[in-house]
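Let me begin by presenting the structure, written as structure tokens, before commenting on it.
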Amino acid sequence: MTHVEDSPTPGKVDLPSLERSYHDFRSVLSTLLSIGTGVATVIACIPLFSVLIMLIWRGGARLSWQLFTELPPTAFEDGGGFGNAIVGTLVMVGIAALLSVPFGILAAVCLAEFGPDSRLAAAARFCAKTLTGLPSILAGVFAYAAVVLVTGTYSAPAGGVALALLMLPTVLLTAEEAMKMVPVRMKEAAVGMGATPTQVVWRVVLPTALPGILTGVMLAVARAAGETAPLLFTALFSNYWLIHDGEVALMQPTASLAVLIFNFSGMPFENQIEMAWAAAFILVLLVFVVNITGQLFSRRQI
Amino acid sequence: MASTASEPEHTARSTRDRTPTAPISRPPSGLDLFIDRVFRGLTFAFAGLTVALVLYIVVEIGGNAAPAIRKYGLSFITSGTWNVNKGEFGVLPEIWGTFYSSLLALLLGGFFGVSIAIFLTQDFLPRKLEVLFKNIVELLAAIPSVVYGLWGIFVVIPAGRPLADWLHQHFGWIPLFGTSLSGPGMLPAALVLTIMILPTVSAISRDALGSVPPKLKEAAFGMGATRWEAILRVILPTASTGIFGALMLGFGRALGETMALAMLVGNSNQLSVSLFSPANTLAALLALNFPEADKRQEQVLMYAAVILLTITLLVNICGAAVLKRTTAHLSGGGK
Numbered sequence: 007m008t009h010v011e012d013s014p015t016p017g018k019v020d021l022p023s024l025e026r027s028y029h030d031f032r033s034v035l036s037t038l039l040s041i042g043t044g045v046a047t048v049i050a051c052i053p054l055f056s057v058l059i060m061l062i063w064r065g066g067a068r069l070s071w072q073l074f075t076e077l078p079p080t081a082f083e084d085g086g087g088f089g090n091a092i093v094g095t096l097v098m099v100g101i102a103a104l105l106s107v108p109f110g111i112l113a114a115v116c117l118a119e120f121g122p123d124s125r126l127a128a129a130a131r132f133c134a135k136t137l138t139g140l141p142s143i144l145a146g147v148f149a150y151a152a153v154v155l156v157t158g159t160y161s162a163p164a165g166g167v168a169l170a171l172l173m174l175p176t177v178l179l180t181a182e183e184a185m186k187m188v189p190v191r192m193k194e195a196a197v198g199m200g201a202t203p204t205q206v207v208w209r210v211v212l213p214t215a216l217p218g219i220l221t222g223v224m225l226a227v228a229r230a231a232g233e234t235a236p237l238l239f240t241a242l243f244s245n246y247w248l249i250h251d252g253e254v255a256l257m258q259p260t261a262s263l264a265v266l267i268f269n270f271s272g273m274p275f276e277n278q279i280e281m282a283w284a285a286a287f288i289l290v291l292l293v294f295v296v297n298i299t300g301q302l303f304s305r306r307q308i
Numbered sequence: 077m078a079s080t081a082s083e084p085e086h087t088a089r090s091t092r093d094r095t096p097t098a099p100i101s102r103p104p105s106g107l108d109l110f111i112d113r114v115f116r117g118l119t120f121a122f123a124g125l126t127v128a129l130v131l132y133i134v135v136e137i138g139g140n141a142a143p144a145i146r147k148y149g150l151s152f153i154t155s156g157t158w159n160v161n162k163g164e165f166g167v168l169p170e171i172w173g174t175f176y177s178s179l180l181a182l183l184l185g186g187f188f189g190v191s192i193a194i195f196l197t198q199d200f201l202p203r204k205l206e207v208l209f210k211n212i213v214e215l216l217a218a219i220p221s222v223v224y225g226l227w228g229i230f231v232v233i234p235a236g237r238p239l240a241d242w243l244h245q246h247f248g249w250i251p252l253f254g255t256s257l258s259g260p261g262m263l264p265a266a267l268v269l270t271i272m273i274l275p276t277v278s279a280i281s282r283d284a285l286g287s288v289p290p291k292l293k294e295a296a297f298g299m300g301a302t303r304w305e306a307i308l309r310v311i312l313p314t315a316s317t318g319i320f321g322a323l324m325l326g327f328g329r330a331l332g333e334t335m336a337l338a339m340l341v342g343n344s345n346q347l348s349v350s351l352f353s354p355a356n357t358l359a360a361l362l363a364l365n366f367p368e369a370d371k372r373q374e375q376v377l378m379y380a381a382v383i384l385l386t387i388t389l390l391v392n393i394c395g396a397a398v399l400k401r402t403t404a405h406l407s408g409g410g411k
């Protein structure tokens, strides 16, 4: 108040300058912090490019048709491929999807449509969120105890069960979110035309929410395809094809790309290490393709 | 649903109700109602199964661990020996390694994750660049952890060794740099772990920062705050619970991460503060020993799995609870 009285022209308030000097300590600090976060963001992008460059450089170098058609090489053998691991990964992810997608979507229908505020739904939602944080190795331990110990053998279905456990929460929670996005007007219109809640779900909610649900499924598949830890002691590994003498034998140790990368990365042989990089290249390619397909589904929604 | 099979029933029903029926809208037939009840029951059953599944996991792992829990009791957590021949087992070094590696990752990942979140929400960049950077950081999450492990072995360890040796030679008296990096070790493992939790931390922090009402920032600017005074004194405190939740979930993810650690941490049963010495974690212990375990060792490993399950569940539930409170608090305060 005092400086108003002291000002030479009475009645004119002496406003502080609204322009801040660039040399002011506060401005300099602000600029420095801005630059700092920018640099941090750029640094965080380096690993991604480093991984991608290494994959293309070391993995891409080994790419050939052989990789898809031949079996993994033994210790001092040259050449070879990992066709059986690609088949194994696809089969196990397929089993996992067959188990987790219907399970997840049916539970999500209950959570989103039939009893969103029920106690059961709250408990299921909580459990699904808890499962999201389940370490993947524990999914493997569970599948080992529940499937391998019961059936007495390492097998593709055991690996599939472990992967399904990891896919379930993603499928369930994204499907619930997608169904909640369906406008209430559409559901009410269907009810007004005499549809039962089940018909509303099948004819209105599911078709409308389909893109969102598919995005969730694709994200879950992409995650499952890259998982290694749950397969280490459920599917184990195998140097042979799943098909023996024209018969599909699922109940036996099964190869997968991820476990192949893990096994070969620790070997002292140059050929195996090159194969690990090539397998990593193909695995990342597979995961990215599935991931991007999923993103495209959700884009179409808008 | 205008099938011929349900036709008689539907006409009977509509004459009784004396309502005119058009082919489009009609009350549901008995069959429709039956299907409806079955389907509804089915969805509730699957929601119940989700709950049952979590219980089943706990019971199955706990049940298999029970003999080992009874035999070793609490000494399993406090002892550091792992001798298969003598039948002595303890996971203290693994518990230490799990927390140490995760805390290191949280420290680095938290710093970078929150920096990225600030950089991508506070209008530093044009909208398109923001989306581009957001997608790049999210792609980090799509790369399988075994690929990060491979990358760690052939890129991070060779690249980090000169720096680690220099630090050890000149600052060896600091316990952190007490040993030299001879290959796999805590530092490369923690670095790769940092990269793996970065997308989680930055994505959830970005949501928290994005949900701060813009009028708070505008008010701060109106009072003459610089951009960073507004961020540090107004926006970050408002979003702090959300960021804390993000850090908790990132920590939970780091605790349970397996493959990158199994490949990089060195699988050595020792307690050390040094960043460069090999160590072990609970998840890596399970991954590396389970495939060759005999019956007795299996029970011991199941016990280790129970400990890991307890730790990660507690951290994750806390993180989720914190996040839930934030969203409730912010949406309540915003209106």
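From first to last, the protein sequence lines stand for chains A and B. Under the working numbering, the first residue of the first sequence is numbered 7, with each subsequent residue one higher. Under the working numbering, the first residue of the second sequence is numbered 77, with each subsequent residue one higher. In this text, a Cβ means the ideal position worked out from N, Cα and C, and glycines have one as well.
Asked: Of the residues A:Glu-182, A:Met-98, A:Arg-131 and A:Phe-120, the one placed nearest Thr-240 (chain A), counting alpha carbons only; Found: A:Met-98
Asked: CB contact check: Lys-193 (chain A) to chain D, cutoff 9 Å; Found: Among the protein chains of the structure shown, namely A and B, there is no chain D.
Asked: Interface flag, Val-147 (chain A) vs chain B, CB-CB below 9 Å; Found: yes
Asked: Local conformation of Phe-165 (chain B) per DSSP, three classes; Found: strand
Asked: Meets three-Cβ-pair contact criterion under 8 Å: the region 114-125 of chain A and the region 339-351 of chain B; Found: no
Asked: The region 322-335 of chain B / the region 285-304 of chain B touching (three or more Cβ pairs under 8 Å); Found: no
Asked: Contact list for Leu-289 (chain A) against chain B, beta-carbon separation under 7 Å; Found: Pro-220 and Val-223
Asked: Same chain, Cβ closer than 7 Å to Glu-233 (chain A), five either side skipped, listed in chain order; Found: Ser-142, Leu-169, Leu-172 and Ala-264
Asked: Extent of the continuous alpha helix (DSSP H) run through His-246 (chain B); Found: 233-247
Asked: Three-state secondary structure assigned by DSSP to Val-254 (chain A); Found: strand
Asked: Beta bridge counterpart(s) of Trp-158 (chain B) as assigned by DSSP; Found: B:Phe-165
Asked: DSSP bridge partner residues for Ile-249 (chain A) (one or two, in chain order); Found: A:Val-254
Asked: Span separating the alpha-carbon of Val-296 (chain A) from that of Gly-165 (chain A); Found: 20 Å
Asked: contact_flag[the region 71-86 of chain A, the region 196-207 of chain A] where n(CB pairs < 8 Å) is 3 or more; Found: no
Asked: As assigned by DSSP and simplified to three states, the class of Trp-71 (chain A); Found: coil
Asked: Cβ-based contacts, 9 Å cut-off: residues of the region 125-149 of chain A near chain B; Found: Leu-126, Ala-127, Ala-129, Ala-130, Arg-131, Phe-132, Cys-133, Ala-134, Lys-135, Thr-136, Leu-137, Thr-138, Gly-139, Leu-140, Pro-141, Ser-142, Ile-143, Leu-144, Ala-145, Gly-146, Val-147 and Phe-148
Asked: Distance, Ala-284 (chain A) Cα to Gly-66 (chain A) Cα; Found: 6 Å
Asked: Span separating the alpha-carbon of Val-156 (chain A) from that of Phe-148 (chain A); Found: 12 Å
Asked: Neighbour list for Trp-249 (chain B) in chain A, Cβ cutoff strictly below 9 Å; Found: Correct list: empty, because the minimum Cβ distance to chain A is about 29 Å.
Asked: Length of the line joining the Cα atoms of Gly-328 (chain B) and Ile-393 (chain B); Found: 9 Å
Asked: Within 9 Å, strictly: CB atoms of Thr-402 (chain B) and Ala-315 (chain B); Found: yes
Asked: DSSP three-state assignment for Glu-233 (chain A), whether helix, strand or coil; Found: coil
Asked: CB contact flag (Ala-128 (chain B), Ala-113 (chain A), <9 Å); Found: no
Asked: Pro-220 (chain B) vs Leu-289 (chain A) beta-carbon contact at 9 Å; Found: yes
Asked: Separation of Thr-317 (chain B) from Val-398 (chain B), as counted between CA atoms; Found: 7 Å
Asked: With 16 other Cβ atoms within 10 Å as the buried cut-off, status of Thr-417 (chain B); Found: For chain B, the structure presents residues 77 to 411; residue 417 (chain B) sits outside this window and is missing.
Asked: For Tyr-379 (chain B), the three-state DSSP class (helix, strand or coil); Found: helix
Asked: C-beta neighbour in chain A for Val-398 (chain B), strict 9 Å; Found: no
Asked: Where Asp-108 (chain B) falls: helix, strand or coil (DSSP); Found: helix
Asked: Under 9 Å between C-beta atoms of Ala-228 (chain A) and Ala-218 (chain B); Found: yes
Asked: Element boundaries [alpha helix (DSSP H), containing Gly-66 (chain A)]; Found: Careful: Gly-66 (chain A) lies outside any alpha helix (DSSP H) and carries neither H nor E.
Asked: Alpha-carbon spacing of Ala-295 (chain B) relative to Gln-301 (chain A), whole angstroms; Found: 37 Å
Asked: Under 9 Å between C-beta atoms of Leu-196 (chain B) and Arg-282 (chain B); Found: yes
Asked: Limits of the unbroken alpha helix (DSSP H) element including Asn-211 (chain B); Found: 203-218
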